[in-house]
Amino acid sequence: MKARVYVSLKPTVLDPQGQTIRSALAGLGHQSITDVRQGKFFDIQFAPGTARAQAEPELQQIARDVLANPVIEDYRVEFLD
Amino acid sequence: MKFGVVVFPGSNCDHDAWYAIARNLGQPAEFLWHESASLGGCDAVILPGGFSYGDYLRGGAIAKFSPIMGAVKKFARDGGLVLGICNGFQILTEAGLLPGALTRNRGLKFICRPVGLRLETTASPFTSAGRKGQVLTMPIAHNEGCYQADERTIAQLEDEDRIVFRYTHNPNGSMHDIAGILNEGRNVLGMMPHPERACDPLMGSTDGLVVLQSMAAALTGSRT
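Going down the list, the protein sequences come from chains A and B. When we follow the working numbering, the leftmost residue of the first sequence carries the number 602, and every step to the right adds one. When we follow the working numbering, the leftmost residue of the second sequence carries the number -11, and every step to the right adds one.
If you want it as structure tokens, here you go:
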């Protein structure tokens, strides 16, 4: 079983990287783009036979305590198979 | 009186901090390994600058789980003096000992230069030797120094006189020009500028001694 955890800055937190990408896109002629927010994701592989019911709360905890800083970041957990 | 300087893999200002305490301040200092679960009887703890664990994930994100941080948290809860400098400040916010977070500099550049800092309060064991409103010069050297927190937290920091240092010219986009803050108990200070790099005339400024001398005075006072 494989899962993906997405981590991105909260909408209220300044994202200078996203802003720089947006202005670069504007420079390339993509005038219709008004905003870019960047983030990261983690692909996580579970041992064969791991129950999803067990993996899900574990992943939520990992996302909250380790992968994301909830002060500034949002996260989302997704199962890939 | 004994100062402890925590050494994480990737710390690179640990020796600077040790030198500033042992040579410039003239007080006993020792290193504390990150795998140790004890502070070895130290009376004050410094989390130095650097790139603990390569700054992987986020600055301070891995360091907060190291064994020594359990001891640091307990020490802080019991009122012990903890100073986090640069990466040390990031570790303190990640560990929940200080509110808010340090994010990528507004200009996306690593900034390494001396800056002006206004000392905003002397009501702390880290600044009692200074003067309110005094402008100190200390170097910054960081990529993630932009202090951000929600409005309620910022209002609380302002109301409770917990913003210790403000940049005179904001270099990184920090909210309210914040360069250093205290915890609620006023015994934990996190700051992005490096006082330990401004303790010897050779370094161009000795303004950082205000912080170390204040700490020494607080420790002396608490013993008598």
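From the three backbone atoms N, C-alpha and C, an ideal C-beta is built for every residue, glycine too.
Original post:
Are any of the Cβ atoms in chain B nearer than 8 Å to that of threonine 651 of chain A?
Top reply: What you label residue 651 of chain A is simply residue 50 of the first sequence in a count that begins at 1. Chain B contact via Cβ: absent.
Original post:
For leucine 615 of chain A and chain B, any beta-carbon pair shorter than 8 Å?
Top reply: As a working mapping, residue 615 of chain A is identified with position 14 in the first sequence. Judged by the 8 Å Cβ criterion, leucine 615 of chain A is in contact with chain B.
Original post:
Would you say alanine 89 of chain B faces chain A, with C-beta separation under 8 Å as the test?
Top reply: Working through the second sequence from its first residue, we reach residue 89 of chain B at position 101. Taking Cβ atoms only, chain A reaches closer than 8 Å to alanine 89 of chain B, which makes this a yes.
Subject >> Chain-ordered residues of the stretch 114 to 139 of chain B with a beta carbon less than 8 Å from chain A >> reply: Cys134, Gln136, Ala137, Asp138
Original post:
Does the Cβ-Cβ distance between glycine -2 of chain B and phenylalanine 39 of chain B come in under 8 Å?
Top reply: Taking the second sequence and counting its residues from 1, the one referred to as residue -2 of chain B is at position 10. Taking the second sequence and counting its residues from 1, the one referred to as residue 39 of chain B is at position 51. Yes. Within cutoff.
Subject >> Per-residue burial, phenylalanine 53 of chain B [other beta carbons within 10 Å of its own, 16 or more giving buried] >> reply: Locating residue 53 of chain B in the second sequence gives position 65, where the first residue counts as 1. By the neighbour-count definition (other C-beta atoms within 10 Å, threshold 16), phenylalanine 53 of chain B is an exposed residue.
Subject >> For tryptophan 21 of chain B: DSSP bridge partner residues >> reply: Here residue 21 of chain B is taken as the residue at index 33 of the second sequence, counted from 1. According to DSSP, which records beta bridges pairwise, tryptophan 21 of chain B is partnered with B:Val(-5).
**OP:** Could you tell me which uninterrupted beta strand (DSSP E) segments, each at least 3 residues in length, are contained entirely in the stretch 90 to 120 of chain B, listed from first to last along the chain?
**Re:** If only complete runs of 3 or more residues are kept, the stretch 90 to 120 of chain B shows the beta strand (DSSP E) at 99 to 107, in order along the chain.
**OP:** With a floor of 3 residues, list each beta strand (DSSP E) that falls wholly inside the stretch 152 to 201 of chain B, ordered by position along the chain.
**Re:** 166 to 170, 176 to 179
Original post:
So, helix, strand or coil for alanine 51 of chain B, using DSSP?
Top reply: Reading the second sequence from its first residue, position 63 is the one you call residue 51 of chain B. DSSP, read as helix, strand or coil, puts alanine 51 of chain B in helix.
Subject >> 7 Å CB neighbourhood of alanine 167 of chain B in its chain, flanking five on each side removed >> reply: Within the second sequence, the letter at position 179 stands for residue 167 of chain B. Here the set comprises Leu105, Phe153, Arg154, Tyr155, Met179, Met180, Pro181.
Original post:
Can you name the residues that DSSP bridges to aspartate 675 of chain A?
Top reply: Looking up residue 675 of chain A in the first sequence gives position 74. Answer is A:Ser609.
Original post:
Under 7 Å from any heavy atom of the ligand COA, does the C-beta of glutamine 646 of chain A make it?
Top reply: Ligands in the displayed structure: none, and consequently the ligand COA is not present.
Subject >> Stretch-stretch touch, CB-based, cutoff 8 Å, three pairs: the stretch 85 to 99 of chain B with the stretch 115 to 126 of chain B >> reply: no
Subject >> For aspartate 768 of chain A: DSSP bridge partner residues >> reply: Only positions 602 to 682 of chain A appear in this structure, which leaves residue 768 of chain A out of reach.
Original post:
Is it true that the CB of serine 116 of chain B sits closer than 8 Å to the CB of alanine 51 of chain B?
Top reply: Taking the first residue of the second sequence as position 1, residue 51 of chain B is located at position 63. Taking the first residue of the second sequence as position 1, residue 116 of chain B is located at position 128. No, the Cβ-Cβ distance between alanine 51 of chain B and serine 116 of chain B is not below 8 Å.
Subject >> Beta-carbon proximity list for alanine 137 of chain B, same chain, < 6 Å, skipping 5 on both sides >> reply: Within the second sequence, the letter at position 149 stands for residue 137 of chain B. Result list for alanine 137 of chain B: Pro87, Gly88, in chain order.
**OP:** Kindly indicate the opening and closing residues of the beta strand (DSSP E) around threonine 125 of chain B.
**Re:** Taking the second sequence and counting its residues from 1, one reaches residue 125 of chain B at position 137. Its beta strand (DSSP E) spans residues 123 to 130.
**OP:** Please classify isoleucine 73 of chain B: does DSSP put it in a helix, a strand, or coil?
**Re:** Mapped onto the second sequence, residue 73 of chain B falls at position 85. Reduced to three states, the DSSP call for isoleucine 73 of chain B is strand.
Original post:
What three-state label does DSSP hand glutamine 144 of chain B in the structure shown?
Top reply: Position 156 of the second sequence, counted from the start, is the residue given in the question as residue 144 of chain B. In the structure shown, glutamine 144 of chain B sits in a helix (DSSP, three-state: H, G or I).
**OP:** Quickly, what does DSSP pair alanine 32 of chain B with across the bridge? List them, please.
**Re:** Here residue 32 of chain B corresponds to residue number 44 of the second sequence, with the count starting at 1. In DSSP, alanine 32 of chain B forms a bridge with B:Phe(-9), B:Leu69.
**OP:** Give the residues from the stretch 155 to 171 of chain B that approach chain A closer than 7 Å (Cβ to any Cβ), ordered along the chain.
**Re:** Gly161
Original post:
Pick from A:Phe642, A:Arg653, A:Ala654: whose alpha carbon is nearest that of valine 667 of chain A?
Top reply: Translated into the one-based positions of the first sequence, residue 667 of chain A becomes position 66. That would be A:Phe642, whose Cα lies nearest to the Cα of valine 667 of chain A.
**OP:** Classify tryptophan 21 of chain B as buried or exposed, calling it buried when 16 or more other Cβ atoms lie within 10 Å of its own Cβ.
**Re:** Position 33 of the second sequence, counted from the first residue, corresponds to residue 21 of chain B. The residue is exposed, with fewer than 16 neighbouring Cβ atoms inside 10 Å.
Original post:
At a Cβ threshold of 8 Å, is threonine 212 of chain B touching chain A?
Top reply: The residue labelled residue 212 of chain B in the question sits at position 224 within the second sequence. Only weak support is given to the placement of threonine 212 of chain B: the predicted model assigns it a pLDDT of 46, under 50, and the question is left unresolved by the model.
Subject >> Interface residues of the stretch 603 to 634 of chain A facing chain B [CB-CB below 7 Å] >> reply: Val614, Leu615, Pro617, Gln618, Thr621
**OP:** Rank B:Leu45, B:Asn175, B:Gly14 by C-alpha distance to the C-alpha of phenylalanine 114 of chain B and give the top, closest one.
**Re:** Position 126 of the second sequence holds residue 114 of chain B. Per the Cα distances, B:Asn175.
**OP:** Could you check the C-alpha separation between threonine 212 of chain B and isoleucine 151 of chain B for me, to the nearest Å?
**Re:** Taking the first residue of the second sequence as position 1, residue 212 of chain B is located at position 224. Taking the first residue of the second sequence as position 1, residue 151 of chain B is located at position 163. Below a pLDDT of 50, predicted positions are generally treated as unreliable, and threonine 212 of chain B, at 46, falls in that range; no measurement from the model is reported.
Original post:
Since alanine 669 of chain A and valine 678 of chain A are thought to touch, with beta carbons under 8 Å apart, how far apart are those beta carbons, to the nearest angstrom?
Top reply: Looking up residue 669 of chain A in the first sequence gives position 68. Looking up residue 678 of chain A in the first sequence gives position 77. That belief does not hold up - the Cβ atoms of alanine 669 of chain A and valine 678 of chain A are roughly 10 Å apart, past 8 Å.
Original post:
Would you say proline 102 of chain B and glycine -8 of chain B are within 8 Å of each other, going by their C-beta atoms?
Top reply: For the purposes of this step, residue 102 of chain B is taken as residue 114 along the second sequence, with counting starting at 1. For the purposes of this step, residue -8 of chain B is taken as residue 4 along the second sequence, with counting starting at 1. With respect to glycine -8 of chain B, proline 102 of chain B sits apart: the two C-beta atoms are not nearer than 8 Å.
**OP:** Determine whether the Cβ of alanine 8 of chain B lies closer than 8 Å to any Cβ atom of chain A.
**Re:** Here residue 8 of chain B refers to the residue found at position 20 when the second sequence is read from its first residue. By this cut-off, alanine 8 of chain B is not an interface position.
Original post:
Under 8 Å between C-beta atoms, does isoleucine 663 of chain A make it to chain B?
Top reply: The residue given as residue 663 of chain A occupies position 62 in the first sequence. With 8 Å as the cut-off, isoleucine 663 of chain A does not count as an interface residue toward chain B.
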